[in-house]
Amino acid sequence: MPTENLPDQNFDKILDFDKIQVGETKPKPEFFCVGKYKIKQKSVFLTTGIVAVCLIVLALLLNTLLKPKVKSEPTPTPTPTPIPTLVPIIAPSFYATDSAILSLEEEIKKTEIDLLNTDLKESSLNPPALDMNIKF
Amino acid sequence: MKTLPFKILLTIFAILFLFCQPLHAQNTEEYNRAYNDYLFSYDQYRQAYDKYVVAKQSYLSYKTLTSKTEAFAETLKMLQARDEVLRTYLIALRLKLAQTTAIINYQQNILYLNLDSDIIFYNKHQAELTSAGTLEDLLILSANAEKYYQQTEVLIYKTLAEIISSKEVFFQNKINEEVKKIKDKINSIREKGDKDTVKAERWLLEAENRLTRSIEKIRDSQQLLTKINSFDRDKTKLFNQALFVLSESHQYLKEANSYLKELVAELKNAD
């Protein structure tokens, strides 16, 4: 019997049809083959994930440690400045305590307040809005 | 026994002092009451006016006897409310004039007389409205009031301007008194010779100058007000112009007072 037309008799390669699910063409490989070595897929994925996370954490740490520090300056406190008066009293004269001058000063201040508070327009007494054109 | 009449007099004086209110406070109370009456009557007028508008629209749409009767009733109420508003407003205005002006002059006397006659007119007109039998009679009476209101409006603006001018005149007199006192003080300081008064005298001239300008502005505003007459369609415009001029007068008064304040500070300063 000629042997060239005989089918492959390697029975190890034959698929076990009882175990194969419908729609599935071939089983998923569980190993990566690297040359002569077989490495489990699960271990590869796990190792890659751990390494990636470690790298990210290391990058963040390096970023914070190696960032150039900004020198913090103390916040400036406002220095009190004198409020300028109309005519600053540099040196009081003899009349600084004169009763007539002081009473005049009070009068002028009171007039100033009254002038500011005066309602010049008397808007509360505006003429009432009435219809003065009654027609049918 | 000799001290008894004195004790009686003292008791009578104390009783009078306790029970007699100051005139100014009484004037303010009267004005506040009159002003509240005016606000109340204005509110009543607005309500009556809304009903009048509805009744008028209804009559103009349907032209029935019922709608005409309704329109007549609502128009009557509205016109009476309108007269009441004007009457109470003029009373409040009169009391405000009395409150603001201290010494009555000729111009103010004229205003009081005119205000009184207008108050009587609107009171009388309110009573006349009740005698109207038809809607047409009401419209005739309303037209009479509307024609009369042309001169009432002029009176209102003149009275308002007089109230504001009186305030300005009050401040002018006050600042004028201050100027006199400071002038007397400067003169006495100059006579003593213990302080240089040249600067103070120069500043006093500036203050007096501002006071003079304020007085001129009041005269200008009064000139503007004489131009308002009953035939003007826009009386408010002229009144606002007069008001603007019065505000300029007020500004000059503020400046004059401010200069006096500086002057006093200068007198308190050593050379």
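Read top to bottom, the protein sequences are chains A and B.
Going by my numbering, the first sequence opens with residue 1, and the numbers climb by one from there.
Going by my numbering, the second sequence opens with residue 1, and the numbers climb by one from there.
Heads up, the beta-carbon is just placed ideally off N, CA and C, and yes, glycines get one too.
For residue j and residue i, the rounded distance between their alpha carbons
{"i": "B:Asp83", "j": "B:Leu253", "result": "40 Å"}
{"i": "B:Arg219", "j": "A:Leu116", "result": "22 Å"}
{"i": "A:Gly35", "j": "A:Leu60", "result": "37 Å"}
{"i": "A:Thr85", "j": "A:Leu120", "result": "Any answer about A:Thr85 is weak, because its pLDDT of 47 lies below 50 and its placement is not dependable; what the coordinates show is given next. Whole-angstrom Cα-Cα distance: 28 Å."}
{"i": "A:Cys33", "j": "A:Ile39", "result": "6 Å"}
{"i": "B:Ala48", "j": "A:Lys135", "result": "16 Å"}
{"i": "B:Thr28", "j": "B:Thr64", "result": "51 Å"}
{"i": "A:Pro80", "j": "A:Lys110", "result": "Unreliable placement is indicated for A:Pro80, whose pLDDT of 43 sits below 50; the coordinate value is still reported in the next sentence. Distance between the alpha carbons of A:Pro80 and A:Lys110: 29 Å."}
{"i": "B:Asn187", "j": "B:Asn32", "result": "46 Å"}
{"i": "B:Asp50", "j": "A:Leu130", "result": "12 Å"}
{"i": "B:Ile119", "j": "B:Ile156", "result": "12 Å"}
{"i": "B:Ile104", "j": "B:Asn269", "result": "43 Å"}
{"i": "A:Asn126", "j": "B:Glu201", "result": "43 Å"}
{"i": "B:Lys183", "j": "B:Thr100", "result": "29 Å"}
{"i": "A:Leu65", "j": "A:Cys54", "result": "16 Å"}
{"i": "A:Val57", "j": "A:Lys42", "result": "23 Å"}
{"i": "A:Asp114", "j": "A:Ser99", "result": "23 Å"}
{"i": "A:Phe45", "j": "A:Leu62", "result": "26 Å"}
{"i": "A:Ser124", "j": "A:Thr97", "result": "44 Å"}
{"i": "B:Thr159", "j": "B:Asn109", "result": "11 Å"}
Extent of the continuous beta strand (DSSP E) run through residue i
{"i": "A:Ile134", "result": "Where A:Ile134 is concerned, there is no enclosing beta strand (DSSP E), given that its DSSP letter is neither H nor E."}
{"i": "A:Phe32", "result": "31-34"}
Sub-8 Å separation of residue i and residue j beta-carbons
{"i": "B:Ala143", "j": "B:Arg210", "result": "no"}
{"i": "B:Val154", "j": "B:Ile228", "result": "yes"}
{"i": "B:Ala55", "j": "B:Glu74", "result": "yes"}
{"i": "B:Ser221", "j": "B:Ser165", "result": "yes"}
{"i": "B:Leu135", "j": "B:Lys68", "result": "yes"}
{"i": "B:Thr152", "j": "B:Leu86", "result": "yes"}
{"i": "B:Leu95", "j": "B:Ala34", "result": "yes"}
{"i": "B:Leu225", "j": "B:Ala161", "result": "yes"}
{"i": "B:Tyr62", "j": "B:Ala71", "result": "no"}
{"i": "B:Leu138", "j": "B:Ala145", "result": "no"}
{"i": "B:Lys261", "j": "A:Glu112", "result": "yes"}
{"i": "A:Ile108", "j": "B:Leu267", "result": "no"}
{"i": "B:Tyr149", "j": "A:Met132", "result": "yes"}
{"i": "B:Leu246", "j": "B:Lys217", "result": "yes"}
{"i": "B:Tyr106", "j": "A:Pro128", "result": "no"}
{"i": "B:Tyr89", "j": "B:Tyr38", "result": "yes"}
{"i": "B:Asp271", "j": "B:Asp196", "result": "yes"}
Expected contact under 8 Å - CB spacing of residue i and residue j to nearest Å
{"i": "A:Leu104", "j": "B:Val179", "result": "Not a contact, Cβ separation roughly 10 Å."}
{"i": "B:Gln272", "j": "B:Ala81", "result": "The requested residue 272 of chain B does not occur in the structure, where chain B is confined to residues 1 to 271."}
{"i": "A:Glu122", "j": "B:Ile163", "result": "6 Å"}
Where the alpha helix (DSSP H) containing residue i begins and where it ends
{"i": "B:Lys183", "result": "135-192"}
{"i": "A:Phe45", "result": "41-66"}
{"i": "B:Phe72", "result": "65-100"}
{"i": "A:Glu122", "result": "Per DSSP, A:Glu122 belongs to no alpha helix (DSSP H) and is neither H nor E."}
{"i": "B:Ala270", "result": "Run containing B:Ala270: none; DSSP gives neither H nor E here."}
{"i": "B:Arg210", "result": "198-226"}
{"i": "A:Lys110", "result": "99-117"}
{"i": "B:Ser117", "result": "106-129"}
Proximity test, Cβ basis, 8 Å: residue i and chain E
{"i": "B:Arg87", "result": "As a matter of chain content, chain E is missing from the structure shown, whose protein chains are A and B."}
Any 3 or more C-beta pairs closer than 8 Å across the stretch 200-208 of chain B and the stretch 241-250 of chain B | no
Does the stretch 189-201 of chain B touch the stretch 113-130 of chain B, meaning 3 or more C-beta pairs lie closer than 8 Å?
-> no
Is the stretch 165-175 of chain B in contact with the stretch 91-100 of chain A, if contact means three or more CB pairs nearer than 8 Å?
-> no
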